[in-house]
Structure formats: structure tokens, C-alpha cells
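Novice:
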Amino acid sequence: MKTDSLVGAESNGHAETEALPALDEPQVAPRVRRGFSRAQLIGFGLLLLMAALPIPFGDFGFFVGQYALVYAILGMSVVVVTGYAGLISLMPYSFAGVGAMTTGVAMASWGWPFWLAALLSAVATVPIAVLVGISSVRLKGLYLAIATLTFSNALGETLFKWDAFTGGQSGWATVRPAVGPVNFNSDIWFYVLCLGVVFALLIMIEGLRTSRIGRAMLAVRDNELEAQALGINVYKTKLTAFVIGGMVAGLGGAFLAALVQLVTPTGFQSPIAEATSILLVTLVAIGGMDRAIGAFFGAVSLVVQQQVFQGAEFFYAFVGIYAAAVLILFLMFRPGGLVQVGKIQVALIRHRPVLGLAIVFAIVAVNVGLAWLFVSLSS
Amino acid sequence: MITAAPVMEVTVFGLSSGAVFALLALGLVLIYRTTGVMNFAHWAIGLIAVVAYVMLTGLGAPAEVAMPLALAFGAGSGVLAYRLVFRKVSGARQIIVILISIGVAQLYASLAQFALGFEQFTRLEPWLPTGDMQVGTVAIRASEIITAAVAIGVAFVFLVWFRVSRAGRALRAVAQNREAAMLAGIDDVRYSSLAWGIGSALAALALLLVLPHSGGEQGGLITTFDVTPFGTLLIPAFGAALVGGLVHLPMAMVGGFVFGLARELMILAPKPWSDLRSSVAAILIVVLLLIRTERFFASRQELEALE
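Listed in order, the protein sequences are those of chains A and B.
Taking the working numbering, the leading residue of the first sequence gets 913, the next gets one more, and so forth.
Taking the working numbering, the leading residue of the second sequence gets 2, the next gets one more, and so forth.
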């Protein structure tokens, strides 16, 4: 029958697979050396630049900024599990919930200080991560996605409906931490505190990438059989990724509890509700899955909009559509996320400085223009 | 002592919710087998059809007319998703495809939210008779029985059609070996689109059977700001699909009834056990995942092609 369409489809399929700058191109193994690479330094520089973003917006800027930073901490657990080890987990927010609830119980019910509660939160996720890991780590991609979705639902139905743990409908009241004379109660100081935590975690998770276990994770992600042939214990590696990811999410959950100051279990009960695991996976995919800084970029670009438009129904729904469309387009054409786009941009600036800087300027101008438009429309 | 009446009632409830899971699972398996995409956006596509139904009945169309139009709209949005997005990423890693389907789910759910406006609740007009029906000694809501009957009928017709018709055989050929099917002159994109269309229409039918009748006489209510919990329908549907190893259509249908009946019959269990009702789907899914059902239904070669 239709030979032409057949050939067309064939060549089409070919061109498309080639056009995809897929993540699965075997990546150059990270060099092992002390200190930071230039890319990492550029990333940290950008981070410092972006950390100053809320200053012109005053209190509101810091209020929104602290949300972005807490979600950046949560996003880093996705970076470890999905970005480094290639395990698709649809339950990072459940781990965050365990962390948040543990902090709530410890602070409100037992009267623990925040730092001890946060430490306990990170540890509390370990048994669950091990349990989930042992039963599902042998599953391949798709089956693992279904399994984690199911676990997330099961935890929502059992653990997050257990009143002794969640405080029932009223939840737990928490207070923001203090170190000696410095009290992190105000939004500005809590923002600064979160910034410090994000910075420390960035260094740790970037360091993990080049460490022995991190390189094992990357090897397992790229080719399981090859990794096994190299003598890597695949299951142990995956389990470690799960546990580290769970601990980071638990710590993030503790900061989430301190951020909202009143933790209720409702958000953790449904696995596919908005602003949950799906949001975390989305923001990390947009930011760049296999770099710690990707979680930060993603959080800044998504959570800020979400918080700003929270009250405005029309804009809020619009942000949902926009975020989903951006996610789809990024995954189709730039699976490396904003980090990959940034790399391309840096290369462009190096080779054709005028054009590259013009593009950067255009992007900044469009964003500032839109922000100005929104502010003038809403006031 | 358990009497006959609640058993009867609970069984009918189980059959009707099982029928809904079966329809969802059939769509999931059909799409997965032909295009290799495990569609996490399945519920959102069904939701789009529900929104179309709400809008049409809101414009004054009778429910009998709005129903097929909404199904067609659901099928159309599924085909659109395939043509615009999933066809372009057939070579990408599975993890990327799963994330993309989550993105599509978010896109459709946000669009649905947008289209429904921002009312607290949206009322759905029922399109099946809402009265009670006398079965033996118990009165059971007629829509429950009709839901089970419609779903079983549709699924049966679909399975026969898939087995004997020319288009059905072409679909099976694409599912088994895409390249060989293409060499035999089958237009794979056309038939993949057909699979997405049928699968999405089944999802739309499933949601349209449940939602407008959840509240009896008054029709159904959906909370607009909270459309996402429909996603939890997808978990038993995944479980049902797993009964057939994600590839076997009749077994996926059986699986739907297993999950529906298991969930409802748990109500009858003695007290400490009936609390497990909400987790029974999760337990079943873990068991199914651990025994790796796919190896009973597909050859190694087929599974490798799907990955």
C-alpha cells in the first residue's frame, strides 16, 4: 500500500530521534578532582545573583522567596533519586510529609527545639525509604513509577490519617528556629536561613555527584548491565539513592513545617493533588534533572509564580497551563532543563557575544515587562 | 451474621466500580501496547470529556446528545496528545515519556479547571435513570446496574472487534511488531492514533459513568479547585492493567472487576480488617508487581520493544 507514507514515517522517525538531545547520550564521566569546576562556579554565581532577587520587592519578595527555597530543598531529593540514579519516584512529597509531620509532633507535642526535630525528620524517613526501596528497587522504570504512586497513595490513606502522628484536622503548630541570640522568626531571616541550607545542600549534592557512590548512581542510570559488569552493586546503589533522597526530602519537610508554622496532613493525603510530588518532579524537570542547581532554578521559576498568583484565580489557572506546557516542551526538546539551556547560552555568548548577550537581554526584558504588567494590572 | 441483602448490594457496587476500572484499564493497555506510552494523563483526558459534557448540558443540550459529543471530544483530545506530543518522543527514554505524560495530565487538568470557571462546585446532570431498581428483596440504584451492564457490554464489543475486524487486526499487528506491520503496509501513525482515540473514549466513558451519577437524583458534584483527586481512580486502573501484565486486554478487564469487588467486599469483613479497605488496592498492586505478571502474557522480545 502507501509506500511513500511508509518511507516518510520511517525517515521522520529517524530525524526525530536524532534531533532529540536526549539525556540518554552517554555523558562524559565527571572528572574527579578537588575544588569546583568552572560550570559549578558559574552556577553558584548565578545562585548568589538570584538570591538578591527579592530585595527590590521588599517583604513580599522575601515571603515568596522562602517558599521557593524550601521547594528547592525538596527538589534536591528528586535530583538524587531521579536525576542521578534514574529511578522515577512519584512520592518525594510523601517523604516531605513524613518530615513535616515528624517536626510537628516533636515540636508541638514533645517540645523539642527545631534543630533536633529537623534531624529526627531526616532520620525518620529512612525506614520508609528502605521499606519502599527494598520492595520496589528491582522494578524497572514504568513499574517503579506505578509502585511509588501506589505507595504514596497508601501512605496518604494510612500514615497521614493517623491522628496521633498528624494532629488530626487541626495539625501541629511549629515555631521558627533560633540560634543563640539570632531569631529566624521573620520572613527575611528565615529566607536567609533557607538560603544557607540550600547553599550547603548544593555543595553536598554536587559533591555527591563526583563521589564514588554518586558516580555509581550515574553509571547505573546510564546502563545497568554495564554498571554491574564494572562491579557496582546495582541494588545497593539504588537503595542508597532512595535513602539519601528520602533524608533530603525529610529535612525539606522540616523546613516546610517551620515555613508554614501550622502543618496539616491534608496536602499529603492525595498522591496526585496539586503542589505535591508532581509539582516537585515538574520543577526539577524544568530546572534540570541531573544537577543540584537545577532544583533551585526550577523552584525559582515555578514556585515564585505559583505563590505570587495564589490569590488570583485566573492567573493561577493560567500558571498551571503555562507550567505544564513549559514542562512538555522542555522534556521534548531540552530534557536537560534550564541547566542545559544555560550551557548552550554560555557557549553562544563565548562564540558570538553580541547575539548571546542580546538574547539574555531580551529574556530579562520580557520577564521584567510581564512582571511590571502584572503589578500594574493588579494594583 | 451476614445476611443476603448487603452482600447483594455490595456486590453490585463492586461490579459497577469494577466496570469503571476495567474500562480505564482497557484504554491504558491498548495505548501502552500500540505506542509504548503508559498514559498517566488518562484521567485528565477523561476529565476533559466531562468538562465538554458539563458545557454542552449547560448550553441546554439534552444529556443524550451531550454524551456522545463529549465522548468524541475526549477521543479527540487523546489523539491530539498523541499527534502533537507522544509521536515526537517515541525514541526517548521511558522516564522522559512518563514525565511528559504527567505534564500532559497537568495541562489537561489545568485547562479543565480553566473551562469550568471558578465556582466552588460544578453540578453534573445525570444521563442514566436515577431511580431505584428492585433486585430480589433489595432496592439498588438503577444507574449502578446500568453502569456495570454498559461497561461490560462496551468492553465485550471492543474485545470482539479487536479480535476479528480488519482494523483490530492491524492494531494488534502494530502492537506486536511495529516495523513488520509497517513493512506489511500498515500506516502505523494512523493506527496508533486510532488506539489513542479508542483508549481516550473509553476513559471518557468511564468517568462519565461515574461522575454524573455519584449523587443519585441530584446528579454528581465536582469540586473545581480539587479536580486532581480523580487521579486516584487511576491507581486501581493501573492495578487492573497489571493483572494483564500491562499488555493483555481481556485479563486487564478481569483485573478491573477484581479491584472493584475487592474494594467493596472489604466492607463486609469483620472490624479490624475492614479498615484495610482503602489500602487493599495498594497491597494487591505490590503483590502483582512482585510476581511480575508481564512475563505470563508477553514474549521477551515484545517487552523489550515496549521499553
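We put the beta carbon where it would ideally sit given N, CA and C, even for glycine.
It should be emphasised that the depicted structure is a prediction, and the values quoted were computed from it without experimental measurement.
Please report how far the alpha carbon of residue 1288 of chain A lies from the alpha carbon of residue 1281 of chain A, in whole angstroms.
Specialist: For residue 1288 of chain A and residue 1281 of chain A, the distance between alpha carbons rounds to 11 Å.
Novice: What is the rounded straight-line gap between the Cα of residue 1098 of chain A and the Cα of residue 1168 of chain A?
Specialist: Near 15 Å, if we compare the C-alpha coordinates of residue 1168 of chain A and residue 1098 of chain A.
Novice: Taking just the CA atoms, how far does residue 202 of chain B sit from residue 1073 of chain A?
Specialist: Computed Cα separation, rounded: 35 Å.
Novice: For residue 934 of chain A, which residues in the same chain have their Cβ closer than 7 Å to its Cβ, ignoring the five residues on either side in sequence?
Specialist: Unreliable placement is indicated for residue 934 of chain A, whose pLDDT of 47 sits below 50; the coordinate value is still reported in the next sentence. Cβ within range, chain order: 1247.
Novice: What are the boundary residues of the beta strand (DSSP E) that includes residue 269 of chain B?
Specialist: Unbroken run through residue 269 of chain B: none, as it is neither H nor E.
Novice: Nearest to residue 1000 of chain A by alpha carbon, out of A:1176, A:1058 and A:1229?
Specialist: Closest option to residue 1000 of chain A, Cα to Cα, is A:1058.
Novice: Taking the alpha helix (DSSP H) that residue 366 of chain B belongs to, which residues open and close that run?
Specialist: Here chain B comprises residues numbered 2 to 308, so residue 366 of chain B is not present and cannot be evaluated.
Novice: Quick check on the DSSP output: what are the complete beta strand (DSSP E) runs of length 3 or more inside the stretch 149-225 of chain B, in order along the chain?
Specialist: 221-224, all fully within the stretch 149-225 of chain B.
Novice: From the DSSP output, in three-state form, read off residue 892 of chain A for me.
Specialist: Because chain A in this structure spans residues 913 to 1291, residue 892 of chain A falls outside the shown range and cannot be described.
Novice: Within a Cβ cutoff of 7 Å, which residues of the same chain sit near residue 152 of chain B, ignoring the five residues on either side of it in sequence?
Specialist: Counting only Cβ-Cβ distances below 7 Å, and skipping sequence neighbours, we find 20, 21, 23, 24 and 210.
Novice: Would a check of beta-carbon distances place residue 1065 of chain A closer than 9 Å to chain B?
Specialist: Chain B contact via Cβ: present.
Novice: Can you check DSSP and say which residues form a bridge with residue 1294 of chain A?
Specialist: Absent from the model: residue 1294 of chain A. The displayed extent of chain A is 913 to 1291, so no value can be given.
Novice: Looking only at its chain, what residues have a beta carbon closer than 8 Å to the beta carbon of residue 1138 of chain A, apart from the 5 residues adjacent to it on each side?
Specialist: Excluding residues within five positions, the ones whose Cβ falls inside 8 Å are 1131.
Novice: Is there at least one Cβ from chain A nearer than 9 Å to residue 176 of chain B's Cβ?
Specialist: It does not; no Cβ of chain A falls within 9 Å.
Novice: Please state if the CB of residue 1015 of chain A and the CB of residue 1266 of chain A are separated by a distance shorter than 9 Å.
Specialist: No, Cβ-Cβ distance for residue 1266 of chain A and residue 1015 of chain A is not below 9 Å.
Novice: Let me know the alpha helix (DSSP H) ranges lying completely inside the stretch 1235-1286 of chain A, each 4 residues or longer, listed in chain order.
Specialist: Qualifying alpha helix (DSSP H) stretches, in chain order: 1249-1263.
Novice: Verify the CB distance criterion: does residue 51 of chain B have a CB-CB separation below 9 Å to chain A?
Specialist: By this cut-off, residue 51 of chain B is not an interface position.
Novice: Compare the beta carbon distance of residue 132 of chain B and residue 142 of chain B with 9 Å and say whether it is the shorter of the two.
Specialist: Yes. Within cutoff.
Novice: Taking Cβ-Cβ distances shorter than 9 Å, what residues in chain D pair up with residue 1232 of chain A?
Specialist: Within the model displayed, chain D is absent; protein chains A and B are what it includes.
Novice: Quick check: residue 1214 of chain A and residue 1194 of chain A, are their CB atoms within less than 9 Å of each other?
Specialist: Result yes, Cβ atoms of residue 1214 of chain A and residue 1194 of chain A sit closer than 9 Å.
Novice: Please check the pair residue 72 of chain B and residue 250 of chain B, which I expect to be a contact at CB under 8 Å, by giving their CB distance rounded to whole angstroms.
Specialist: Residue 72 of chain B to residue 250 of chain B, Cβ: 19 Å. No contact.
Novice: Can you tell which of A:1114, A:1232 and A:1275 has the C-alpha that lies nearest to the C-alpha of residue 902 of chain A?
Specialist: It is not possible to answer for residue 902 of chain A, since the shown part of chain A is limited to 913 through 1291.
Novice: Hey, would you say residue 49 of chain B sits closer than 9 Å to residue 113 of chain B, going by beta carbons?
Specialist: Taking 9 Å as the Cβ cut-off, residue 49 of chain B and residue 113 of chain B qualify as a contacting pair.
Novice: If you compare alpha carbons, which of A:1249, A:1133 and A:1044 is closest to residue 94 of chain B?
Specialist: The shortest C-alpha separation from residue 94 of chain B is found at A:1133.
Novice: Go to residue 1 of chain B, then tell me how far its alpha helix (DSSP H) extends in each direction, as first and last residue.
Specialist: Only positions 2 to 308 of chain B appear in the structure, and residue 1 of chain B is not among them; the question remains open.
Novice: Does the stretch 235-251 of chain B come close enough to the stretch 82-92 of chain B that 3 or more CB-CB pairs lie under 8 Å?
Specialist: Cβ pair count under 8 Å is below three, so no.
Novice: Return yes when the Cβ of residue 47 of chain B is within less than 9 Å of the Cβ of residue 205 of chain B, no when it is not.
Specialist: Result yes, Cβ atoms of residue 205 of chain B and residue 47 of chain B sit closer than 9 Å.
Novice: Check whether the stretch 94-110 of chain B touches the stretch 1228-1246 of chain A, taking contact to mean three or more Cβ pairs, one atom from each stretch, closer than 8 Å.
Specialist: Contact between the stretch 94-110 of chain B and the stretch 1228-1246 of chain A is present, because at least three Cβ pairs lie under 8 Å.
Novice: Return the residue from the list A:1076, A:977, A:972 and A:986 that minimises the CA-CA distance to residue 1192 of chain A.
Specialist: Selected option, being the one with the closest Cα: A:986.
Novice: What do you reckon, are the CB atoms on residue 212 of chain B and residue 29 of chain B nearer than 9 Å?
Specialist: No, they are not a contact pair.
Novice: Pick from A:1203, A:1155, A:1201 and A:1080: whose alpha carbon is nearest that of residue 1181 of chain A?
Specialist: Ranking A:1203, A:1155, A:1201 and A:1080 by Cα distance to residue 1181 of chain A puts A:1080 first.
Novice: Are the C-beta of residue 1289 of chain A and some C-beta of chain B separated by less than 9 Å?
Specialist: Residue 1289 of chain A does not count as touching chain B.
Novice: With distances taken from CA atoms, which of B:55, B:266, B:288 and B:278 is nearest residue 122 of chain B?
Specialist: Here the closest residue by C-alpha is B:55.
Novice: Indicate the three-state DSSP secondary structure (helix, strand or coil) for residue 1000 of chain A in the structure shown.
Specialist: In the structure shown, residue 1000 of chain A sits in coil (DSSP, three-state: anything other than H, G, I, E or B).
Novice: Closer than 8 Å between beta carbons: that is the criterion. Which residues of the stretch 1236-1264 of chain A meet it against chain B?
Specialist: Per Cβ criterion, the list reads 1236, 1237, 1239, 1240, 1243, 1244 and 1247.
Novice: In this structure, does DSSP put residue 1142 of chain A in helix, strand or coil?
Specialist: Reduced to three states, the DSSP call for residue 1142 of chain A is coil.
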